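A.B. asks: There's a structure below that I have some questions on.
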Amino acid sequence: MDIKVRVWRQPGPSAAGKMVTYDVKGISPDASFLEMIDVLNETLILDGDDPIAFDHDCREGICGMCSMVVNGVAHGPEKATTVCQLHMRKFSDGDVIDVEPWRAAAFPVIKDLVVDRSAFDQIIQAGGYITAPTGTAPDAHATPVPKKDADAAFEAATCIGCGACVAACPNGSSMLFTAAKIAHLGLMPQGQPERDSRVIDMLQAQDDAGFGGCTNAGECTTVCPKGIPLSLIGRLNSDYRKAISKN
Amino acid sequence: MSANDFWADGEPVFDKAAPDGPVETRWERRKFAAKLVNPANRRKLTVIVVGTGLAGGSAAATLAEAGYRVKSYCYQDSPRRAHSIAAQGGINAAKNYRNDGDSVYRLFYDTVKGGDFRARESNVYRLAQVSVNIIDQCVAQGVPFAREYGGLLDNRSFGGTQVSRTFYARGQTGQQLLLGAYQALERQIGLGNVEMNARHEMLELIIVDGKARGIVVRDMVTGEITTEFADAVVLASGGYGNVFFLSTNAKGCNVTAAWRAHRKGALFANPCYTQIHPTCIPESGSHQSKLTLMSESLRNDGRVWVPKNAADCQKPAGEIAEADRDYYLERIYPSFGNLVPRDIASRAAKNVCDEGRGVGPGGLGVYLDFADAINRLGRKAVEAKYGNLFEMYERITGEDPYATPMRIYPAVHYTMGGLWVDYDLQSTVPGLFVIGEANFSDHGANRLGASALMQGLADGYFVLPNTISNYLAAGPFPKVTEADAPVVEARKLVEDRIEKFLSIDGDRTVDSFHRELGQIMWEYCGMERTEEGLTKAIGLIRALKEEFWTRVKVPGKGEELNQNLEKAGRVADFIELGELMCIDALHRRESCGGHFRGESQTPDGEALRHDDEFSYAAAWEYFGADGRPVLHKEDLNFEYVHPSTRSYK
Numbered sequence: 001m002d003i004k005v006r007v008w009r010q011p012g013p014s015a016a017g018k019m020v021t022y023d024v025k026g027i028s029p030d031a032s033f034l035e036m037i038d039v040l041n042e043t044l045i046l047d048g049d050d051p052i053a054f055d056h057d058c059r060e061g062i063c064g065m066c067s068m069v070v071n072g073v074a075h076g077p078e079k080a081t082t083v084c085q086l087h088m089r090k091f092s093d094g095d096v097i098d099v100e101p102w103r104a105a106a107f108p109v110i111k112d113l114v115v116d117r118s119a120f121d122q123i124i125q126a127g128g129y130i131t132a133p134t135g136t137a138p139d140a141h142a143t144p145v146p147k148k149d150a151d152a153a154f155e156a157a158t159c160i161g162c163g164a165c166v167a168a169c170p171n172g173s174s175m176l177f178t179a180a181k182i183a184h185l186g187l188m189p190q191g192q193p194e195r196d197s198r199v200i201d202m203l204q205a206q207d208d209a210g211f212g213g214c215t216n217a218g219e220c221t222t223v224c225p226k227g228i229p230l231s232l233i234g235r236l237n238s239d240y241r242k243a244i245s246k247n
Numbered sequence: 001m002s003a004n005d006f007w008a009d010g011e012p013v014f015d016k017a018a019p020d021g022p023v024e025t026r027w028e029r030r031k032f033a034a035k036l037v038n039p040a041n042r043r044k045l046t047v048i049v050v051g052t053g054l055a056g057g058s059a060a061a062t063l064a065e066a067g068y069r070v071k072s073y074c075y076q077d078s079p080r081r082a083h084s085i086a087a088q089g090g091i092n093a094a095k096n097y098r099n100d101g102d103s104v105y106r107l108f109y110d111t112v113k114g115g116d117f118r119a120r121e122s123n124v125y126r127l128a129q130v131s132v133n134i135i136d137q138c139v140a141q142g143v144p145f146a147r148e149y150g151g152l153l154d155n156r157s158f159g160g161t162q163v164s165r166t167f168y169a170r171g172q173t174g175q176q177l178l179l180g181a182y183q184a185l186e187r188q189i190g191l192g193n194v195e196m197n198a199r200h201e202m203l204e205l206i207i208v209d210g211k212a213r214g215i216v217v218r219d220m221v222t223g224e225i226t227t228e229f230a231d232a233v234v235l236a237s238g239g240y241g242n243v244f245f246l247s248t249n250a251k252g253c254n255v256t257a258a259w260r261a262h263r264k265g266a267l268f269a270n271p272c273y274t275q276i277h278p279t280c281i282p283e284s285g286s287h288q289s290k291l292t293l294m295s296e297s298l299r300n301d302g303r304v305w306v307p308k309n310a311a312d313c314q315k316p317a318g319e320i321a322e323a324d325r326d327y328y329l330e331r332i333y334p335s336f337g338n339l340v341p342r343d344i345a346s347r348a349a350k351n352v353c354d355e356g357r358g359v360g361p362g363g364l365g366v367y368l369d370f371a372d373a374i375n376r377l378g379r380k381a382v383e384a385k386y387g388n389l390f391e392m393y394e395r396i397t398g399e400d401p402y403a404t405p406m407r408i409y410p411a412v413h414y415t416m417g418g419l420w421v422d423y424d425l426q427s428t429v430p431g432l433f434v435i436g437e438a439n440f441s442d443h444g445a446n447r448l449g450a451s452a453l454m455q456g457l458a459d460g461y462f463v464l465p466n467t468i469s470n471y472l473a474a475g476p477f478p479k480v481t482e483a484d485a486p487v488v489e490a491r492k493l494v495e496d497r498i499e500k501f502l503s504i505d506g507d508r509t510v511d512s513f514h515r516e517l518g519q520i521m522w523e524y525c526g527m528e529r530t531e532e533g534l535t536k537a538i539g540l541i542r543a544l545k546e547e548f549w550t551r552v553k554v555p556g557k558g559e560e561l562n563q564n565l566e567k568a569g570r571v572a573d574f575i576e577l578g579e580l581m582c583i584d585a586l587h588r589r590e591s592c593g594g595h596f597r598g599e600s601q602t603p604d605g606e607a608l609r610h611d612d613e614f615s616y617a618a619a620w621e622y623f624g625a626d627g628r629p630v631l632h633k634e635d636l637n638f639e640y641v642h643p644s645t646r647s648y649k
């Protein structure tokens, strides 16, 4: 396949960025989207140009590091798929493909397609855990957990923290990310003692980190590679109301 | 050419930390004998932890909970992304919740035997003992393991064991366990007990007065080089599978932290022990950047075959008549069939492809066919069991595995070798501890399924925090400053190297060298090794090293985010490691576990171990980039599980 990509190039955090067009020729339809960028980068290096910086690691859709907006959609056109798992056969010969970084106030661009997502870690620090210091645990079978709760907790816990939800949200909100963690821990009996403080503290942390407010636009769940449902945000709001009424 | 052109023999190495006496009480006795640090003194002691996977994340969190000051480093943008996250299958623990005869002793026995009698009994027994605490710990953290309708934890049988001892969270066990450790770590970061440094890479170890006292790191965003000091250094930097370029590891996984420590005196043990996983999605072309594992569970219902005649290999699978198919695992291993262990399934696939009977691009693939299972169980049942895997396969290959058989091929998955450590997990450099996949200790020559997660968390939550106190009790050690000669020297090493990479300005990219190294390693130090092939590989790698240092082109500057500069440092270290792996493989003239030596097989082509000559761990000492490594042997004694031959026919 011969395609063109228009890629956001920004040399550094405070530098101005722009879209730059590159030809990519003879790319295999079996190549992944990131492999296409690899091939392009090899050419750029040998031509004496600066290769495109982008985040990636596992390339199997689980580490959450890859982060590209492809043709205006976070992670690209394929549903429930991280951009590392998107393959070129989903495009056609002659296509012109736009590639941009996550864009959100809380995720500043570091270089080209690489952004700073440490704000997500700050939300977790504020309460996205169960306090259980090593060595203090009772036997694993001491507290049974109903299968449906365990399964629902697992579904929420599959969030990979990639930030596509924030990139897609017109407000740059992290509600789906926070809601997934609130649901995961709140569905488990172990998570009950800290349930109220968790939701209050995590919401405060996301405000402090500069994420926008949620207006139920639903773009987040549409792009989520793990299919985290919008209903979890309702659950978070309900937890929050209960928590503040008690405190 | 005699072997001694490649290495020299040194003095034996001993594990002085391990207690003797009954294996059941060794860990208790070691913990009791180990010196403790008074809680009030712990905050005066600093520990550096490099890596935030299951081992590093759990160790950093646990040490901080205990009151030590911790500085943690990872190359990813967040500690949550360490490659432990990609582990699919599960985690073993001797809970015996199934009442099926499991016990600490049985898990110990299976692991020593599974490791082909090349692991240390003391370590493996302790691993089996603490396995039960891991599950308790993870459940308390809220890890959403699979459960049964009664609310209790579900288990499955994994990797051919006869008991069900594997705990799992669908196909994402590694992710869920890592998030548990990550959340515990973030809690400690929030409390100010851990200083977290994401997007930082360790590039050198600092040794002062014979003790590991710090590291040199590069901030991967600004390029700034800093020196960081501590009372002890813990490496939890993972395995080195990416020496093969193509592997199931994440792209960033590298050996640099471990290799820099090796260059500074830490022995590197059993580097040739590599685990090759039989069920990965084959390469699709020269653009291929990594390989993806498909869960081993697929072999429970899929049948592996290739065409009987090489002439049929180009035909679509559906046009090859039943009589013209060779279900080679069922034919050669009638009692285990498609469920033979990983090393055997991998090598059998290589053999049929070498005969020219492989399928798919480049003839490097075999079929894994679900047609029989779909006929027998119905499509719905197969979908319920393997739906997510089939989906993943289709996403990557564009082929529908319900309609045409999957194509699979072995790929490098895990490395059992690593820095040599004693029972306390301390390397040969005092104050340098090594945990998780980065050390060599528990899996011998072959790792059983669902044991990697167990070892990572055992080391991080339960072993290291108990043994490191014995070392730290002598601290705090004298203050180290920027001006100390070893610090200046370590920093200069890093700066000079970076300058060298940037100044070569050659005509080949870093990736092109990495790919070439991978091809050499895969061809000659992969599933089957021979004296002739390994000797050739060593020559090729030496030539490649020379070419790398004269022709590599690294664009950009040091003082910026420069991903090719990062890669250049890693590939330079992989090239040196690759040579040592080949030398280790060359010296071990036996087949064992993940190391199959062509010259050491039974008349019917099975692996032949030589316990009389090779019942030891090979710990290598660095002697300069162009010097001969020195071999130190640690003899292995089997008091409980006596060496026997594995047979799967």
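Residue numbers (UniProt numbering), protein chains in the order written: chain A, 1 to 247; chain B, 1 to 649.
For glycine and all other residues, C-beta sits at the position ideal for the given N, C-alpha and C.
Since this is a predicted model, take the numbers as computed values, not measurements.
Residue range of the alpha helix (DSSP H) that S72/B falls in?
C.D. replies: In the second sequence, the residue the question calls residue 72/B occupies position 72. Premise fails: S72/B lies in the beta strand (DSSP E), R69 to Y73, not in any alpha helix (DSSP H).
A.B. asks: Kindly identify the DSSP beta-bridge partner or partners of V7/A.
C.D. replies: The residue you call residue 7/A lines up with position 7 of the first sequence. Within the DSSP secondary-structure output, V7/A pairs in a beta bridge with V20/A and V99/A.
A.B. asks: Would you please verify whether the beta carbon of K290/B is less than 7 Å from any beta carbon of chain A?
C.D. replies: If you number the second sequence from 1, residue 290/B lands on position 290. True, the Cβ-Cβ gap to chain A drops below 7 Å.
A.B. asks: Is it buried or exposed, E322/B, if we count other Cβ atoms within 10 angstroms and call 16 or more buried?
C.D. replies: Stepping through the second sequence from its first residue, residue 322/B is reached at position 322. Classification of E322/B: exposed, given that the 10 Å Cβ count is below 16.
A.B. asks: Listing by chain order, which chain B residues have their CB less than 7 Å from the CB of T178/A?
C.D. replies: Against the first sequence, residue 178/A aligns to sequence position 178. Chain order gives no chain B residues near T178/A, where near means a beta carbon separation below 7 Å; the closest approach is about 13 Å.
A.B. asks: How far does the alpha helix (DSSP H) with C165/A in it extend, from its first residue to its last?
C.D. replies: For the purposes of this step, residue 165/A is taken as residue 165 along the first sequence, with counting starting at 1. That run of the alpha helix (DSSP H) goes A164 to A168.
A.B. asks: Hey, how far is the Cα of N92/B from the Cα of I27/A?
C.D. replies: Start at 1 with the first residue of the second sequence, and residue 92/B comes out as number 92. Start at 1 with the first residue of the first sequence, and residue 27/A comes out as number 27. In a straight line, the C-alpha of N92/B is about 43 Å away from that of I27/A.
A.B. asks: What span of residues does the alpha helix (DSSP H) with H413/B cover, start to end?
C.D. replies: Here the question's residue 413/B lines up with position 413 in the second sequence. No alpha helix (DSSP H) holds H413/B; the beta strand (DSSP E) holding it covers M406 to T415.
A.B. asks: Counting only Cβ pairs nearer than 8 Å, list the residues of chain A close to K553/B.
C.D. replies: As a working mapping, residue 553/B is identified with position 553 in the second sequence. Here the neighbours are I45 and L46.
A.B. asks: Restricting to runs no shorter than 3 residues, where is the beta strand (DSSP E) found entirely within the stretch 519-595 of chain B?
C.D. replies: none
A.B. asks: Which whole-angstrom value describes the C-beta separation of F33/A and V83/A, a residue pair presumed to lie in contact below a C-beta threshold of 8 Å?
C.D. replies: The sequence position of residue 33/A within the first sequence is 33, counting from 1. The sequence position of residue 83/A within the first sequence is 83, counting from 1. Yes, F33/A and V83/A are in contact; Cβ-Cβ is about 5 Å, under 8 Å.
A.B. asks: Pick helix, strand or coil for A8/B, following the three-state DSSP scheme.
C.D. replies: The sequence position of residue 8/B within the second sequence is 8, counting from 1. Looking at A8/B - three-state DSSP - the assignment turns out to be strand.
A.B. asks: Establish whether the CB of D136/B and some CB of chain D are separated by less than 7 Å.
C.D. replies: No chain D is present in this structure, whose protein chains are A and B.
A.B. asks: Closer than 7 Å by beta-carbon distance: list the chain B residues that pair up with K147/A, in chain order.
C.D. replies: The residue labelled residue 147/A in the question sits at position 147 within the first sequence. Neighbours of K147/A on chain B, chain order: R147, E148, Y149 and G151.
A.B. asks: Counting only Cβ-Cβ distances shorter than 7 Å, please list the residues of the stretch 219-251 of chain B near chain A, keeping chain order.
C.D. replies: Taking 7 Å as the upper bound on Cβ-Cβ separation, chain A lies near residues V221, A250 and K251 of the stretch 219-251 of chain B.
A.B. asks: Would you mind reading off the limits of the alpha helix (DSSP H) that contains L46/A?
C.D. replies: Here the question's residue 46/A lines up with position 46 in the first sequence. According to the DSSP assignment, L46/A belongs to the alpha helix (DSSP H) that extends over F33 to L46.
A.B. asks: Going by C-alpha distance, which of V47/B, T166/B and A33/B is nearest V194/B?
C.D. replies: Against the second sequence, residue 194/B aligns to sequence position 194. Residue V47/B is the option with its Cα nearest to V194/B.
A.B. asks: Taking the beta carbon of H595/B as the centre, do at least 16 other beta carbons fall within 10 Å, making it buried, or is it exposed?
C.D. replies: Counting from one through the second sequence, the residue named residue 595/B turns up at place 595. Buried, by the Cβ-count rule.
A.B. asks: Measure the beta-carbon distance from L127/B to M406/B and round it to whole angstroms, keeping in mind my assumption that it falls under 8 Å.
C.D. replies: Walking along the second sequence from the start, residue 127/B turns up at place 127. Walking along the second sequence from the start, residue 406/B turns up at place 406. Not confirmed; about 34 Å, so no contact.
A.B. asks: Chain A partners of Y524/B, CB-CB under 9 Å?
C.D. replies: Start at 1 with the first residue of the second sequence, and residue 524/B comes out as number 524. For a Cβ distance threshold of 9 Å, nothing in chain A lies close to Y524/B: the least Cβ distance comes to about 25 Å.
A.B. asks: Report buried or exposed for H514/B, applying the criterion of at least 16 other Cβ atoms within 10 angstroms of its Cβ.
C.D. replies: Within the second sequence, residue 514/B is the residue found at index 514, counting from 1. Burial call: buried.
A.B. asks: Can you give the beta carbon distance from A266/B to S427/B, rounded, assuming they're within the 8 Å contact cut?
C.D. replies: Position 266 of the second sequence, counted from the start, is the residue given in the question as residue 266/B. Position 427 of the second sequence, counted from the start, is the residue given in the question as residue 427/B. Between A266/B and S427/B a beta carbon distance of about 4 Å is seen, short of the 8 Å cut, so the two are scored as contacting.
A.B. asks: Is C280/B helix, strand or coil by DSSP?
C.D. replies: On the second sequence, position 280 is the one that residue 280/B refers to. The answer is strand: DSSP assigns C280/B an E or B state.
A.B. asks: Beta-carbon of P282/B versus every beta-carbon of chain A: anything under 7 Å?
C.D. replies: Within the second sequence, numbered from 1, the residue matching residue 282/B stands at position 282. Chain A contact via Cβ: absent.
A.B. asks: Are the C-beta atoms of P225/A and some chain B residue less than 7 Å apart?
C.D. replies: Stepping through the first sequence from its first residue, residue 225/A is reached at position 225. Not an interface residue.
A.B. asks: How many angstroms separate the CA atom of T21/A from the CA atom of P51/A?
C.D. replies: In the first sequence, residue 21/A corresponds to position 21, counting from 1. In the first sequence, residue 51/A corresponds to position 51, counting from 1. Looking at the two C-alpha atoms, the distance is approximately 13 Å.
A.B. asks: Measure the Cβ-Cβ separation of P465/B and T62/B and say whether it is below 7 Å.
C.D. replies: Your numbering for residue 465/B matches position 465 in the second sequence. Your numbering for residue 62/B matches position 62 in the second sequence. Yes, Cβ-Cβ distance for P465/B and T62/B is below 7 Å.
A.B. asks: Helix, strand or coil, according to DSSP, for H610/B in the structure here?
C.D. replies: Here residue 610/B is taken as the residue at index 610 of the second sequence, counted from 1. In this structure, H610/B counts as coil in the three-state DSSP scheme.
A.B. asks: Who pairs with G214/B in a beta bridge, going by DSSP?
C.D. replies: Residue mapping note: residue 214/B aligns to position 214 of the second sequence, counting from 1. I206/B and F229/B.
A.B. asks: Could you tell me which residues DSSP pairs with W620/B in its beta bridges?
C.D. replies: By one-based count along the second sequence, residue 620/B stands at place 620. Paired residues: F268/B and L631/B.
A.B. asks: Say whether the stretch 124-131 of chain A touches the stretch 132-145 of chain B, bearing in mind that this needs 3 or more beta-carbon pairs closer than 8 Å, one atom from each stretch.
C.D. replies: yes
A.B. asks: What does the alpha-carbon distance come out to for the pair A59/B and T602/B?
C.D. replies: In the second sequence, the residue the question calls residue 59/B occupies position 59. In the second sequence, the residue the question calls residue 602/B occupies position 602. Taking the straight line from one Cα to the other gives about 44 Å.
A.B. asks: Taking C-alpha atoms, which residue in E606/B, G627/B and S591/B lies nearest to E613/B?
C.D. replies: Position 613 of the second sequence, counted from the first residue, corresponds to residue 613/B. Nearest of E606/B, G627/B and S591/B to E613/B, Cα basis: S591/B.
A.B. asks: Can you name the start and end residues of the alpha helix (DSSP H) that P486/B belongs to?
C.D. replies: If you number the second sequence from 1, residue 486/B lands on position 486. Start and end: A485 to I504.
A.B. asks: Nearest by alpha-carbon distance to H83/B: which of D116/B, V233/B, S237/B and R26/B is it?
C.D. replies: Position 83 of the second sequence holds residue 83/B. For H83/B, the nearest C-alpha among the options comes from S237/B.
A.B. asks: Starting from the C-beta of K147/A, find all residues in its chain whose C-beta is less than 6 Å away, skip the five residues before and the five after it, and write them out in chain order.
C.D. replies: In the first sequence, the residue the question calls residue 147/A occupies position 147. Closer than 6 Å at Cβ, skipping near neighbours: no residue.
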